[in-house]
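Colleague:
Protein chains: 2
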Amino acid sequence: MPTSRPLRADARRNREALLTTAREAFLAGEDIGVDEIARRAGVAVGTLYRHFDTREELIAEIYRQALDELCAEPDALLARHAPDRALREFLDLLVEHAATSRGMSFALESVLATDSAVFADSRRRMADCLDALLRAGAAAGTIRGDVDGWTVLRALGGVCGMRATEGWRDEAAQIVALLFDGLRYGATTAR
Amino acid sequence: MPTSRPLRADARRNREALLTTAREAFLAGEDIGVDEIARRAGVAVGTLYRHFDTREELIAEIYRQALDELCAEPDALLARHAPDRALREFLDLLVEHAATSRGMSFALESVLATDSAVFADSRRRMADCLDALLRAGAAAGTIRGDVDGWTVLRALGGVCGMRATEGWRDEAAQIVALLFDGLRYGATTAR
DNA sequence: ATATAACCGGAGTGGGACTCACTTTATTCG
DNA sequence: CGAATAAAGTGAGTCCCACTCCGGTTATAT
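So the protein sequences, as listed, match chains B and U. Heads up: the first sequence begins at 1 in this note's numbering, then just goes up one per residue. Heads up: the second sequence begins at 192 in this note's numbering, then just goes up one per residue.
#1: With H, G and I counted as helix, E and B as strand and the rest as coil, what does DSSP make of I366(U)?
#2: Between E252(U) and D259(U), what straight-line distance do the alpha-carbon atoms span, to the nearest angstrom?
#3: At a CB-CB cut-off below 8 Å, which residues of chain B make contact with E207(U)?
#4: Can you confirm whether E61(B), when its beta carbon is compared against all beta carbons of chain U, has any partner nearer than 9 Å?
#5: My assumption, with CB atoms under 8 Å, is that V152(B) sits in contact with L130(B). Please give the rounded CB distance.
#6: Less than 9 Å between the beta carbons of H97(B) and A66(B), yes or no?
#7: Using a C-beta to C-beta distance shorter than 8 Å, which residues of chain U count as neighbours of T151(B)?
#8: Return no unless some Cβ of chain U is closer than 9 Å to the Cβ of R154(B).
#9: Which value, in whole angstroms, describes the spacing of the CA atoms of R15(B) and S122(B)?
#10: Nearest to D337(U) by alpha carbon, out of A311(U), A363(U), A364(U) and L374(U)?
#11: Should the region 220-233 of chain U be regarded as contacting the region 264-284 of chain U, the criterion being three or more beta carbon pairs within less than 8 Å?
#12: According to DSSP, is R199(U) part of a helix, a strand, or is it coil?
#13: Determine which residues share a DSSP beta bridge with I37(B) and list them.
#14: How would you label P83(B), buried or exposed, when you count the other beta carbons within 10 angstroms and need 16 or more for buried?
#15: What does L183(B) touch in chain U if you count any residue whose Cβ is under 9 Å from its own?
#16: Are there 16 or more other CB atoms within 10 angstroms of the CB of P197(U), so buried, or fewer, so exposed?
#17: Determine the DSSP secondary structure at I196(B), reduced to helix, strand or coil.
#18: Assuming A41(B) contacts T21(B) under a Cβ cut-off of 8 Å, what Cβ separation, rounded to an integer in Å, is found between them?
#19: Give every residue of the same chain whose Cβ lies closer than 7 Å to the Cβ of R88(B), excluding the five residues on either side of it in the sequence, and list them in chain order.
#20: Alpha carbon to alpha carbon, how far is D244(U) from P74(B)? Give it in angstroms, no decimals.
#21: Which chain U residues are close to V147(B), counting only those with a beta carbon under 7 Å from its beta carbon?
#22: In whole angstroms, give me the CA-to-CA distance for M126(B) and G157(B).
#23: For A172(B), count the other beta carbons within 10 Å of its own beta carbon; 16 or more makes it buried, fewer makes it exposed. Which is it?
#24: Counting C-beta neighbours from all protein chains within 10 Å, is the total for R220(U) 16 or more, i.e. buried, or is it exposed?
#25: With a floor of 3 residues, list each beta strand (DSSP E) that falls wholly inside the region 255-285 of chain U, ordered by position along the chain.
#26: Start and end of the alpha helix (DSSP H) containing T245(U)?
#27: Is the distance from the Cβ of A155(B) to the Cβ of A346(U) below 9 Å?
#28: For R12(B), which residues in the same chain have their Cβ closer than 7 Å to its Cβ, ignoring the five residues on either side in sequence?
#29: Let me check understanding here. Comparing Cα to Cα, which of L324(U), R246(U) and A200(U) lies closest to R271(U)?
#30: Tell me R184(B)'s beta-bridge partners as DSSP assigns them.
Now the structure itself:
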């Protein structure tokens, strides 16, 4: 008998159904409302709201799950590559991640708009990943040490929020390259 | 008797009142709806919609006006400074511009969200300004020539969209510095 | 002065997020 | 088993917006 009440069987099922349904729809680039999400998941809106305080929180939860994979990467990358190379790879992964989430970018917008606590947490985790890479690079002397992950993430904000325009991937790659050049040690000091 | 029908006197008055009212509210950081904008301007919603197809278009128009000043800068800067210096100054101005418009950033979000044609035009003009500076820098050999204004603007997207967080200005300055370091000639090629 | 084209008002529509009073059901325990 | 009961589910209804529509009003041309 767990202390924190282990969620009834049907409740768990419904919660899962809601998350899966919403994720699939968003990744497919569909913009559907709460009523439709609930309908497809085979429940009523009230049920959706029992599990998620708000539409945004549901979206944030989906996003958080996708983020889990991404946040596991830095360690793996640092094990296989030199720090600066690892950083570069991770930046590319971020773009890739944005590509996957691009379908739900419109959904994310509402989340970004109202700096919900849940999403703030996602940003924090992302920034932490970058911090680890930056610190490693700084220690190796190949990346400047006066920039933190939060700043880099901010700088990438434009990329992540990119709309599904033609050729956005090329643009994103250019921006990452630009950013990386700015980050490399030796590019600094002179002004 | 001008050919393109010069807008009736009362119509012009109302249009101006709407723009002024909305601008003031947004710059003050207020998020008000169309009904409230109309009420404060002393007209009815119908009048608002006679002048602007949509709420977003009204916002975009306000933004466009603010942009006019900014787009006059590059020429002045290039006249007074070396191209790379001019570019740097302009980037700082962009941040400043974001500061002024920060109050209406939430409003801008909806504009950025639905790539409205009117706002696309604003982005285009901004990119053109950057292009002029970049070309001048490339000609002088102090700025790399393989990046266009559009890309730089994208990279600055995160800055412009920044929320009113504590210390955002410092972060913005860091990002601009980072970006500029990436743009400077010589930082490139190596990969 | 009259015609008429443009303008204005504001109740009404539609759509989407969210609520709540009530019903159903999983779980627990005698 | 078979209540008892607390948790979960339901969905019609509310609220809040952006946006529309059309009858009444007003500026301008002749």
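Note that CB positions come from ideal geometry on N, CA and C, so glycine has one too.
Modeller: Working from what's here:
#1: Here residue 366(U) is taken as the residue at index 175 of the second sequence, counted from 1. Three-state DSSP puts I366(U) in a helix.
#2: Taking the first residue of the second sequence as 1, we reach residue 252(U) at position 61. Taking the first residue of the second sequence as 1, we reach residue 259(U) at position 68. Approximately 11 Å, taken between the alpha carbons.
#3: Start at 1 with the first residue of the second sequence, and residue 207(U) comes out as number 16. Here the premise fails: no neighbours, minimum Cβ distance about 30 Å.
#4: Counting from 1 along the first sequence, the entry for residue 61(B) is found at position 61. No, because no Cβ of chain U sits closer than 9 Å to the Cβ of E61(B).
#5: The residue labelled residue 152(B) in the question sits at position 152 within the first sequence. The residue labelled residue 130(B) in the question sits at position 130 within the first sequence. The C-beta distance from V152(B) to L130(B) rounds to 5 Å, short enough to meet the 8 Å contact threshold.
#6: As a first step, residue 97(B) must be located in the first sequence, where it is residue number 97. As a first step, residue 66(B) must be located in the first sequence, where it is residue number 66. Note that the C-beta distance between H97(B) and A66(B) is below 9 Å.
#7: The residue labelled residue 151(B) in the question sits at position 151 within the first sequence. Residues of chain U passing the Cβ test: E362, Q365, I366 and L369.
#8: Counting from 1 along the first sequence, the entry for residue 154(B) is found at position 154. True, the Cβ-Cβ gap to chain U drops below 9 Å.
#9: Walking along the first sequence from the start, residue 15(B) turns up at place 15. Walking along the first sequence from the start, residue 122(B) turns up at place 122. Going from the Cα of R15(B) to the Cα of S122(B) covers about 21 Å.
#10: For the purposes of this step, residue 337(U) is identified with residue 146 of the second sequence, where counting begins at 1. By alpha-carbon distance to D337(U), the top candidate from A311(U), A363(U), A364(U) and L374(U) is L374(U).
#11: No contact exists between the region 220-233 of chain U and the region 264-284 of chain U.
#12: Counted from its first residue, the second sequence places residue 199(U) at position 8. In the structure shown, R199(U) adopts coil according to DSSP, grouped into three states.
#13: As a first step, residue 37(B) is located in the first sequence; it is residue number 37 there, counting from the start. I37(B) pairs with nothing; no bridge assigned.
#14: Translated into the one-based positions of the first sequence, residue 83(B) becomes position 83. When all chains shown are included, P83(B) counts as buried.
#15: Here residue 183(B) corresponds to residue number 183 of the first sequence, with the count starting at 1. Residues of chain U with a Cβ closer than 9 Å to the Cβ of L183(B) are, in chain order, L369, D372 and G373.
#16: Along the second sequence, one-based indexing puts residue 197(U) at 6. Classification for P197(U): exposed.
#17: Look at the range of chain B in this structure, 1 to 191, and you will see that residue 196(B) is not part of it.
#18: Position 41 of the first sequence, counted from the first residue, corresponds to residue 41(B). Position 21 of the first sequence, counted from the first residue, corresponds to residue 21(B). A41(B) to T21(B), Cβ: 4 Å. Contact.
#19: For the purposes of this step, residue 88(B) is identified with residue 88 of the first sequence, where counting begins at 1. Once the five neighbours on either side are set aside, the close Cβ partners of R88(B) are F180.
#20: The residue labelled residue 74(B) in the question sits at position 74 within the first sequence. The residue labelled residue 244(U) in the question sits at position 53 within the second sequence. For P74(B) and D244(U), the distance between alpha carbons rounds to 48 Å.
#21: Here residue 147(B) is taken as the residue at index 147 of the first sequence, counted from 1. Correct list: Q365 and L369.
#22: Here residue 126(B) refers to the residue found at position 126 of the first sequence. Here residue 157(B) refers to the residue found at position 157 of the first sequence. When rounded, the distance between both Cα atoms is 12 Å.
#23: In the first sequence, counting from the first residue as 1, residue 172(B) sits at position 172. With 16 or more other Cβ atoms within 10 Å, it is buried.
#24: Here residue 220(U) refers to the residue found at position 29 of the second sequence. What sits at residue 220(U) in the sequence shown is Gly, not Arg. Classification of G220(U): exposed, given that the 10 Å Cβ count is below 16.
#25: You should have found no qualifying run.
#26: In the second sequence, the residue the question calls residue 245(U) occupies position 54. Neither: T245(U) is in no alpha helix (DSSP H) and is coded neither H nor E.
#27: Taking the first residue of the first sequence as position 1, residue 155(B) is located at position 155. Taking the first residue of the second sequence as position 1, residue 346(U) is located at position 155. Taking 9 Å as the Cβ cut-off, A155(B) and A346(U) qualify as a contacting pair.
#28: Walking along the first sequence from the start, residue 12(B) turns up at place 12. Excluding sequence neighbours, R12(B) sits near nothing in its chain.
#29: By one-based count along the second sequence, residue 271(U) stands at place 80. Considering only alpha carbons, the answer is L324(U).
#30: Position 184 of the first sequence holds residue 184(B). Answer is I143(B).
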